[in-house]
Amino acid sequence: MAMGSGLLLIAILCMMAVLGWPLVENGRFFALFSTTWSPHAQAYGILPMILGSLRITVLALLFSLPMSIGTACLAELLAPRPLRRLLLVTIRFMAGVPTVVYGFVAVFLLVPLMREYLIFGSGFSILTASLVLAVLIAPTMIIFFVNGLQSVPRSYCHAVDSLGARPMQKLIYLLLPQAYPSLLIGVILGLGRAMGDTLISLMLAGNSVALPESVAESGRTLTAHIALVIAADFSSMEFTTIFACGLILSLFTVCLIVSIRLLDRFGTRGAQHREMSTESRP
Amino acid sequence: MNRATERGLTLLCWLCGLLPLAILCIVICYLLVRGGSSLNLALIFDRVPAMDALLGHQQVFDGLFPALCGTTMLVLLTLALALIPGLCGGIYLAEYASPLERRILGLLFDIIAGLPSIVIGLAGFSLSILLHRLFPGRFGPCMLLSAMALAFLILPYLVRSTQAALNSIPQSLRITGPALGASKLQNILLVLLPSRIQDIIGGIILAIGRAAEDTAVIMLTGAVASAGMFRSLLDQYEALPFYIYYISSQYTDAEELQRGFGAALVLFTLCGLIFLLALLVEQGFSRRWKR
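Structure representation (structure tokens):
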């Protein structure tokens, strides 16, 4: 078993090496960070894609955050008990709905609406993609938020209850401040999912390579860029840029996970309280 | 904080909180309205009799049957590749690893779990380029490659769920076996694993769901829009998620679009069923074991 695990590790490292190799071989890494992408003029800047990814991710997070916090509070505190359970099960189900189905429905339902009422273009824009992405990442965040709210020490809750706090006061003054490390972890995980998603931005963001000036315009993300270039052709320099995209995405993931680890370390002070309180629970 | 603000905040919470449910309802209703009418045997088998298609006597061209077959084969193959390493890795991390090993391996698996699926697809694709260079011959994107990449994708989920299941075993049960003279391996296989089997199976089923729905990986490693029936492991193949994506961007007439809605509904139902199964396993088993 130990050997199996070791072999796995080696396999993983090999995969990483294979992924990064063509770029090292090429040696023109920093030329990639220019703003123009036009293969005819030998210009292969991937900055528009990086910015596109960032914009879509941040927007999706902005839309998703109030929704997630609202649902988490509802599921943990405000709703009547049977509804809480229903809400949690539904949220877990939503985490398993195929991304491509969301994308498909949005192409035929949301895009025409956007075209008619909001942005008057083709309807495929950064805004459209981030709206759908917000729905996609909400379950991940909600599940973490609920966990965070649940792990607030029981004794604190009893104390606040016995002081006669109303639910909303309990939420604002006790639960949210106490649970903020796990709220932050939830947000980081949501960020990772939004950044890494391919299908939504590929299907809904329009995929133009120009640097977008507003969110109502079409844009392209790193993930969509990988998918599009692979679909297009296998040749030369254009092709190697997708490995740069892959590398950036991987590095981004590593940063996120490490920051979550660090946050977790800070949260361990709270964990001691938690253990004490679980012992005293009936 | 006065009463009015409190009321307002509560109302806001309710509004925000019910939004995901409303969106889910809209998605389901829309799919049913647009795709419900096309949901019949002809959607899957076209005009070929069902038995003939299932037994392989006749080819299905305009139906979802090849895509369904491709997805099923792909999931089975992925599971065959990932199940043993996943379970063993989880057992190793929970029972054998030293704290340092546990931290390093845990961090690694967390990173793999967080990698965007398209990056994993890209890794699979570069593997095929490498193999192509090493063995000049025909080894392009194929089902085996997709299954390998997908196995890599679901591996951390399997490891983590197994590990979490084993870690949640109370100390009293953990030390009973060794106290009665069982070896460590006997204790794991005969006492610890069976006591948490419902969590482990639940984790496996959820991993299956992830493998079935992922599109980005298979898009890069061998799924194509029309490959016909699945033939061999080293061929390109059709898969349901990729078919849906393809239809959404490349449909030519209303009939094809209708089939796309049907396919989306089928995939949605499939994932719903997988989720229900996982839920039932979790609840059913736990009731039996608590008795």
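Chains as they are written, first to last, in this note's numbering: chain R, 24 to 305; chain C, 36 to 326.
By construction, the Cβ of each residue, glycine as well, lies at the ideal position given by its N, Cα and C atoms.
Note that this is a predicted model, so its numbers are computed, not measured.
Checklist line | Own chain, CB closer than 7 Å to I265(R), minus 5 neighbours either side, in chain order | finding: For I265(R), the CB contacts under 7 Å within the same chain, skipping 5 residues up- and downstream, are H248, I249, V252 and I253 in chain order.
Next item on the list: Tell me, to the nearest whole angstrom, how far the beta carbon of S87(R) is from that of I160(R); I am working on the premise that it is less than 8 Å.
Entry: Rounded to the nearest angstrom, the Cβ distance from S87(R) to I160(R) is 5 Å, consistent with a contact under 8 Å.
Margin query: Is it buried or exposed, C60(C), if we count other Cβ atoms within 10 angstroms and call 16 or more buried?
Written below: Burial call: exposed.
Check: What whole-angstrom Cβ distance do L82(R) and I166(R) have, given they're in contact under 8 Å?
Finding: At roughly 22 Å, the Cβ-Cβ gap does not stay under 8 Å, so L82(R) and I166(R) are not in contact.
Checklist line | Bridge partners - A258(C), DSSP secondary structure assignment | finding: In DSSP, A258(C) forms a bridge with Y272(C).
Check: So, does the CB of A11(C) fall closer than 8 Å to a CB anywhere in chain R?
Finding: The requested residue 11(C) is not part of the displayed model; chain C covers only 36 to 326.
Notebook entry, point to check: Taking all protein chains shown into account, do 16 or more other C-beta atoms lie within 10 angstroms of the C-beta of I119(C), making it buried, or fewer, making it exposed?
Noted result: Flag for I119(C) reads exposed.
Next item on the list: Under 6 Å Cβ to Cβ from Q293(C), same chain only, skipping five residues before and after it: list those, please.
Entry: Spatial neighbours of Q293(C) in its own chain (CB-CB distance under 6 Å, excluding positions within 5 residues in sequence) are listed in chain order as S73.
Note to self: With three or more beta-carbon pairs closer than 8 Å as the criterion, would you say the segment 153-164 of chain C touches the segment 227-237 of chain C?
What the structure shows: Put simply, the segment 153-164 of chain C does not touch the segment 227-237 of chain C. Fewer than three CB pairs are less than 8 Å apart.
Note to self: Across the segment 196-210 of chain C and the segment 122-132 of chain C, are there enough close Cβ pairs to call them in contact, namely three or more that are closer than 8 Å?
What the structure shows: The segment 122-132 of chain C and the segment 196-210 of chain C touch, with three or more beta-carbon pairs separated by less than 8 Å.
Note to self: In whole angstroms, give me the CA-to-CA distance for V134(R) and L227(R).
What the structure shows: V134(R) and L227(R): Cα-Cα distance of roughly 8 Å.
Notebook entry, point to check: From the DSSP output, which residues share a beta bridge with G229(R)?
Noted result: Answer by DSSP bridge pairing, in chain order: G242(R).
Notebook entry, point to check: From this set, P103(R), V120(R) and R189(R), which residue's C-alpha is nearest G244(C)'s C-alpha?
Noted result: Looking from the CA of G244(C), the closest CA among P103(R), V120(R) and R189(R) belongs to V120(R).
Check: To the nearest angstrom, how far is it from the Cα of L132(R) to the Cα of M183(C)?
Finding: Their backbone Cα atoms lie some 35 Å apart in a straight line.
Next item on the list: Would you please state the rounded distance, in angstroms, between the beta carbons of L111(R) and A98(R)? I believe it to be under 8 Å.
Entry: Yes, L111(R) and A98(R) are in contact; Cβ-Cβ is about 5 Å, under 8 Å.
Notebook entry, point to check: Can you tell which of G229(R), A152(R), M191(R) and R138(R) has the C-alpha that lies nearest to the C-alpha of R42(C)?
Noted result: The shortest C-alpha separation from R42(C) is found at M191(R).
Notebook entry, point to check: Closest Cβ-Cβ distance between F310(C) and chain R: below 8 Å?
Noted result: Yes, contact with chain R.
Check: What are the boundary residues of the alpha helix (DSSP H) that P176(C) is part of?
Finding: Bounds of any alpha helix (DSSP H) do not take in P176(C), whose DSSP letter is neither H nor E.
Item checked: Rounded C-alpha distance that separates E317(C) from I147(C) -> In this structure, the CA atom of E317(C) is about 26 Å from the CA atom of I147(C).
Next item on the list: Compute the Euclidean distance between the alpha carbons of A118(R) and I280(R), then round it to the nearest angstrom.
Entry: Cα to Cα, the separation comes out at about 20 Å.
Next item on the list: Kindly indicate the opening and closing residues of the alpha helix (DSSP H) around E41(C).
Entry: First-last of the alpha helix (DSSP H) with E41(C): R38 to G70.
Next item on the list: Whole angstroms is fine: what's the gap from A294(R)'s alpha carbon to L225(C)'s?
Entry: For A294(R), the pLDDT reaches just 46, beneath the cut-off of 50, and the residue's location in the model is therefore unreliable, leaving the point undetermined.
Notebook entry, point to check: Beta-carbon of C339(C) versus every beta-carbon of chain R: anything under 8 Å?
Noted result: Because chain C spans 36 through 326 in this model, residue 339(C) falls outside it and cannot be assessed.
Checklist line | Terminal residues of the alpha helix (DSSP H) in which Y125(R) lies | finding: Start and end: T122 to L136.
Notebook entry, point to check: Would you say M90(R) reaches chain C, if we count a Cβ-Cβ gap shorter than 8 Å as a contact?
Noted result: With 8 Å as the cut-off, M90(R) counts as an interface residue toward chain C.
Notebook entry, point to check: Buried or exposed: where does Y192(C) fall if 16 or more other Cβ atoms within 10 Å of its Cβ makes it buried?
Noted result: Residue environment for Y192(C): buried (at least 16 other C-beta atoms within 10 angstroms of its C-beta).
Next item on the list: May I ask you to verify whether the segment 189-209 of chain R touches the segment 168-176 of chain R, counting CB pairs closer than 8 Å and requiring at least 3?
Entry: Short answer: they touch.
Notebook entry, point to check: Within 10 angstroms of its Cβ, does G216(C) collect 16 or more other Cβ (buried), or is it exposed?
Noted result: Residue environment: G216(C) is assigned as exposed (fewer than 16 neighbouring CB atoms within 10 Å of its CB, all protein chains considered).
Item checked: Pair within 8 Å by beta-carbon distance, A251(C) and L222(R) -> In contact: A251(C) and L222(R) (Cβ atoms closer than 8 Å).
Check: With C-beta atoms as the reference, is G187(R) less than 8 Å away from T276(R)?
Finding: No, the Cβ-Cβ distance between G187(R) and T276(R) is not below 8 Å.
Margin query: If the cut-off is 9 Å on Cβ atoms, which residues from the segment 291-310 of chain C count as contacting chain R, listed in chain order?
Written below: Correct list: L292, G295, F296, A298, A299, L300, L302, F303, L305, C306, G307, I309 and F310.
Checklist line | Residues within the segment 146-173 of chain C neighbouring chain R, beta-carbon criterion of under 9 Å | finding: Residues of the segment 146-173 of chain C with a C-beta atom less than 9 Å from some C-beta of chain R are I146, I147, A148, G149, L150, P151, S152, I153, V154, I155, G156, L157, A158, G159, F160, S161, L162, I164 and L165, listed in chain order.
Check: For R304(R), which three-state DSSP category applies?
Finding: Because the pLDDT at R304(R) is just 34, under 50, the model does not fix this residue reliably, and the point stays unresolved.
Note to self: Using a Cβ-Cβ distance cut-off of 8 Å, determine whether C96(R) contacts chain C.
What the structure shows: Yes - at least one Cβ of chain C is within 8 Å of the one on C96(R).
Note to self: Please identify the residue among A117(C), T45(C), G105(C) and L300(C) whose C-alpha is closest to the C-alpha of I239(C).
What the structure shows: Per the Cα distances, A117(C).
Check: Are the C-beta atoms of C51(C) and some chain R residue less than 8 Å apart?
Finding: So yes, C51(C) belongs to the interface.
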